[in-house]
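Asker: The structure follows.
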Amino acid sequence: MTPARSLRLLLVLIAGSALLRLLGAAGLGLGIDESYMVASGRALHLGYFDHPPLSWWLARGAALLLGSEQPVVVRLPFVLLFALSTWLVYRLGTLVESPAAGLWAAVALNLAPVLGITTGSWVLPDGPLVCALLGAGWCLMRALPAPRGWGWWLGAGACAGLALLSKYSAGLTLAGAALYLLTSPLHRRWLARPQPWVALALAAALFSPVLAWNASHDWLSFAFQGGRASAHKLNLAGPLLVLAGAALFLLPWIWAGLMAVLVRGMRAGPLAWRSWLLCWLALPPIMLFAVVALWSRHVLFHWAVPGYLFLFPLLGAALARLGAARPALLRRATAGTAALLAAALLITAAELRWHWLGAVAPGFDPALQGLDWTPLRAELENRGLLHRPDTVIAGDAWWVAGKVDYALGGDPPVICLNTDAREYRLSPGPESHLGQDVLLLAPTPGNKRVLQAYGRLFDAIYELPPVRLDLPGRPATAIPLFLGHHLNTWP
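This note's numbering puts the sequence shown at residues 228 to 718.
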């Protein structure tokens, strides 16, 4: 595997996988998080309730630039960012061992579903986070052996700032970089020099708008994310479940390889400094979220994935060595993994398009949250409900509000009648519509529960005939609909 051939194959991988992602982005509707982010991000702010603003800005910027909120448009920046992420993991693997190692690192990255599928194309904070973290890691690996390295240190600081603008958990990777410098006899001297401190100041400066926004909003975003680590009850199986969930999201054999190179890299010690660096960048997210799962029920499996990200260059080196010794085995494993992913994607696409599960389990439609509710506008207009005087439209959950808001294109405005309203708590919240009638779409609870839960908020609330949406491959999907007269109060 010559360097030139590795580079050619990498470019084929980047171009081919980007094309597949664009086809998927054009053919599949937005998921619940995506609809929510696109709809609630129409108003540009320095911060948002859930996360820092970079992913919101990217989706909104693409929509404004291309004049559309079609799924392929708002997903385009995330597809392009993952193409850059693939290049960066190749460069890291090349620095660790060889261009062949970089190529196999890029291949493994694209075959890990949580990275190659969701991070690679969905409107989520993970897309810019992964790209910025890889950029920071690459610049840091170039800066450490340099005599002065001002340019590389500033690049690392800029990428770290962009990572912090994507997701708060980027701070864990910065902590890993600090732990590396403290434990590295080769590079500890950098702590007495200005470059890393200037880089840290640059990252903080880029992150400062988020701090300013939080300070003016009672630190809501920090409180929301920090509250997920609050104690619920002791769960000794929690760390194992988090690790098992990460293994499922990455694919068990890829996860096992990543953990093997992590152990090997830590055993090699600080003199093998590149692997030592990558291991320290990986450890804080992997360890912290596993530990927090001991007492918190809110830990999600994909939160630790940015830690595993830095193990892919080490895995690429191991795969390159395996390919040199047993090329047929590696080819079969790669082809089998790719075929498995392709089959899973085709089955999912078929369910979204034709709802084949309906014949097996009537009434069970998990894909409903992954379909765009685009027929909603015509349905409400035909019933004369869309522009009732002094009436606002609401969803009974943040994701329902996001689906409705995306389907209606921002006109009329949509609110969320739920105390867990996320960004809809601020954009503006229900309290700004006191005295108005509310048209409520409530697909989640039973109808009697809706009348009981919301009755005290209105002078009166009535159940209307449900909204019926003609969605692909399904009979008309009914969504319960209610009309509340005169919103009196909101907690």
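Glycine included, C-beta positions come from ideal geometry on N, C-alpha and C. This one's a predicted model, so the numbers in the text were calculated from it and none came from an experiment.
Along the chain, where does the beta strand (DSSP E) that runs through A286 open and close?
Answerer: One-based indexing of the sequence shown puts residue 286 at position 59. Element bounds for A286: not the beta strand (DSSP E) but the alpha helix (DSSP H), 281–293.
Asker: Over what stretch of residues does the alpha helix (DSSP H) that includes I513 continue unbroken?
Answerer: Position 286 of the sequence shown holds residue 513. The continuous alpha helix (DSSP H) containing I513 extends over residues 500–519.
Asker: Mapping the DSSP letters down to three states, classify H278 as helix, strand or coil.
Answerer: Counting from 1 along the sequence shown, the entry for residue 278 is found at position 51. The answer is coil: DSSP assigns H278 none of H, G, I, E or B.
Asker: Should the segment 272–284 be regarded as contacting the segment 391–411, the criterion being three or more beta carbon pairs within less than 8 angstroms?
Answerer: yes
Asker: According to DSSP, what are the bridge partners of E324?
Answerer: Mapped onto the sequence shown, residue 324 falls at position 97. E324 pairs with nothing; no bridge assigned.
Asker: Would you mind listing the alpha helix (DSSP H) stretches within the segment 552–631 that are 4+ residues and don't spill past its ends, in chain order?
Answerer: 554–581, 584–587, 603–609
Asker: Please classify R232: is it buried, with 16 or more other beta-carbons within 10 angstroms of its beta-carbon, or exposed?
Answerer: Counting from one through the sequence shown, the residue named residue 232 turns up at place 5. Exposed: under 16 other Cβ atoms inside 10 Å.
Asker: Answer yes or no: do V764 and L257 have a C-beta to C-beta separation smaller than 8 angstroms?
Answerer: Look at the range of the chain in this structure, 228 to 718, and you will see that residue 764 is not part of it.
Asker: Pick from L342, N337, R494, W417: whose alpha carbon is nearest that of P372?
Answerer: On the sequence shown, residue 372 is found 145 positions in, with the first residue counted as 1. It is W417 whose Cα lies nearest to the Cα of P372.
Asker: In the DSSP assignment, what are the bridge partners of V665?
Answerer: Residue mapping note: residue 665 aligns to position 438 of the sequence shown, counting from 1. Answer by DSSP bridge pairing, in chain order: V619, G711.
Asker: Is it buried or exposed for E650, if we count other Cβ within 10 angstroms and need 16 for buried?
Answerer: If you number the sequence shown from 1, residue 650 lands on position 423. By the 10 Å Cβ count, E650 comes out buried.
Asker: Within the segment 415–463, note down every full alpha helix (DSSP H) run reaching 4 residues or more, in order along the chain.
Answerer: You should have 421–442, 447–454.
Asker: Go ahead and label D632 buried or exposed: buried means 16 or more other beta carbons lie within 10 angstroms of its beta carbon, across all protein chains shown.
Answerer: Counting from one through the sequence shown, the residue named residue 632 turns up at place 405. Counting every other CB atom within 10 Å of its CB across the protein chains shown gives D632 a total of 16 or more, marking it as buried.
Asker: Would you report the Cα separation of L684 and A385, rounded to the nearest angstrom?
Answerer: Numbered from 1 along the sequence shown, position 457 holds the residue referred to as residue 684. Numbered from 1 along the sequence shown, position 158 holds the residue referred to as residue 385. The straight-line gap from Cα to Cα measures roughly 48 angstroms.
Asker: In terms of residue numbering, what span does the alpha helix (DSSP H) encompassing V350 cover?
Answerer: What you label residue 350 is simply residue 123 of the sequence shown in a count that begins at 1. Careful: V350 lies outside any alpha helix (DSSP H) and carries neither H nor E.
Asker: Figure out for me which residue from A327, V306, D638, A419 has the closest Cα to the Cα of P230.
Answerer: Numbered from its first residue, the sequence shown carries residue 230 at position 3. For P230, the nearest C-alpha among the options comes from A327.
Asker: Determine the burial state of G274: buried for a count of at least 16 other Cβ atoms within 10 Å of its Cβ, exposed for fewer.
Answerer: One-based indexing of the sequence shown puts residue 274 at position 47. That one is buried.
Asker: Roughly how many angstroms lie between the CA atoms of T671 and N441, to the nearest whole one?
Answerer: Locating residue 671 in the sequence shown gives position 444, where the first residue counts as 1. Locating residue 441 in the sequence shown gives position 214, where the first residue counts as 1. Note on geometry: alpha-carbon atoms of T671 and N441 lie some 31 angstroms from one another.
Asker: Tell me which same chain residues have a C-beta within less than 7 angstroms of the C-beta of H459, skipping the five on either side of it?
Answerer: On the sequence shown, position 232 is the one that residue 459 refers to. Once the five neighbours on either side are set aside, the close Cβ partners of H459 are W522, S523, R524.
Asker: Considering Cα atoms alone, identify which of V665, P512, G403 is closest to L527.
Answerer: Here the question's residue 527 lines up with position 300 in the sequence shown. With distances taken between Cα atoms, L527 lies closest to P512.
Asker: Per DSSP, which one or two residues make a beta bridge with Y689?
Answerer: As a working mapping, residue 689 is identified with position 462 in the sequence shown. DSSP output for Y689 lists L710 as bridge partner(s).
Asker: How would you call K675, buried or exposed, if buried means at least 16 neighbouring beta carbons within 10 angstroms?
Answerer: Taking the sequence shown and counting its residues from 1, the one referred to as residue 675 is at position 448. It is exposed - the Cβ of K675 has fewer than 16 other Cβ atoms within 10 Å.
Asker: Please report how far the alpha carbon of T564 lies from the alpha carbon of V323, in whole angstroms.
Answerer: Start at 1 with the first residue of the sequence shown, and residue 564 comes out as number 337. Start at 1 with the first residue of the sequence shown, and residue 323 comes out as number 96. Looking at the two C-alpha atoms, the distance is approximately 25 angstroms.
Asker: Is I574 buried or exposed, if buried means 16 or more other CB atoms sit within 10 Å of its CB?
Answerer: As a first step, residue 574 is located in the sequence shown; it is residue number 347 there, counting from the start. Exposed, because fewer than 16 other Cβ atoms sit within 10 Å of the Cβ of I574.
Asker: Could you tell me whether the segment 344–359 touches the segment 297–314, where touching means 3 or more Cβ pairs closer than 8 angstroms?
Answerer: yes
Asker: Taking S502 and A509 to be in contact with their CB atoms under 8 angstroms, please state how far apart those CB atoms are, rounded to whole angstroms.
Answerer: Locating residue 502 in the sequence shown gives position 275, counting from the first residue. Locating residue 509 in the sequence shown gives position 282, counting from the first residue. Actually they do not touch by this definition, with Cβ atoms about 10 angstroms apart.
Asker: Rounded to the nearest angstrom, what separates A594 and R652 at their Cα positions?
Answerer: In the sequence shown, residue 594 corresponds to position 367, counting from 1. In the sequence shown, residue 652 corresponds to position 425, counting from 1. If you take the alpha carbons of A594 and R652, they lie about 27 angstroms apart.
Asker: Going by C-alpha to C-alpha distance, which of L429, P355, V619, G243 sits closest to S659?
Answerer: On the sequence shown, position 432 is the one that residue 659 refers to. Cα-wise, what sits closest to S659 is V619.
Asker: Helix, strand or coil for R375? Go by DSSP, reduced to three states.
Answerer: Your numbering for residue 375 matches position 148 in the sequence shown. R375 falls in the coil class under three-state DSSP.
Asker: For P412 versus P340, is the C-beta distance shorter than 8 angstroms?
Answerer: Against the sequence shown, residue 412 aligns to sequence position 185. Against the sequence shown, residue 340 aligns to sequence position 113. No. Outside cutoff.
Asker: Let's see if you can read the secondary structure: which residues bound the alpha helix (DSSP H) around V239?
Answerer: On the sequence shown, residue 239 is found 12 positions in, with the first residue counted as 1. That run of the alpha helix (DSSP H) goes 230–254.
Asker: Have a look at H582 and P702 and give me their C-alpha separation to the nearest angstrom.
Answerer: Counting from one through the sequence shown, the residue named residue 582 turns up at place 355. Counting from one through the sequence shown, the residue named residue 702 turns up at place 475. Taking the straight line joining both Cα atoms gives about 10 angstroms.
Asker: Go to I642, then tell me how far its alpha helix (DSSP H) extends in each direction, as first and last residue.
Answerer: Translated into positions along the sequence shown, residue 642 becomes position 415. It is not in any alpha helix (DSSP H) - I642 instead sits in the beta strand (DSSP E) that spans 641–643.
Asker: Could you check the C-alpha separation between S267 and A289 for me, to the nearest Å?
Answerer: Here the question's residue 267 lines up with position 40 in the sequence shown. Here the question's residue 289 lines up with position 62 in the sequence shown. S267 and A289: Cα-Cα distance of roughly 15 angstroms.
Asker: Measuring straight from C-alpha to C-alpha, what distance separates S435 and L237?
Answerer: Counted from its first residue, the sequence shown places residue 435 at position 208. Counted from its first residue, the sequence shown places residue 237 at position 10. Computed Cα separation, rounded: 37 angstroms.
Asker: Take L293 and list the residues in its own chain whose beta-carbon comes closer than 6 angstroms to its own, dropping the five residues that flank it on each side.
Answerer: Here the question's residue 293 lines up with position 66 in the sequence shown. Taken in chain order, the residues that qualify are V300.
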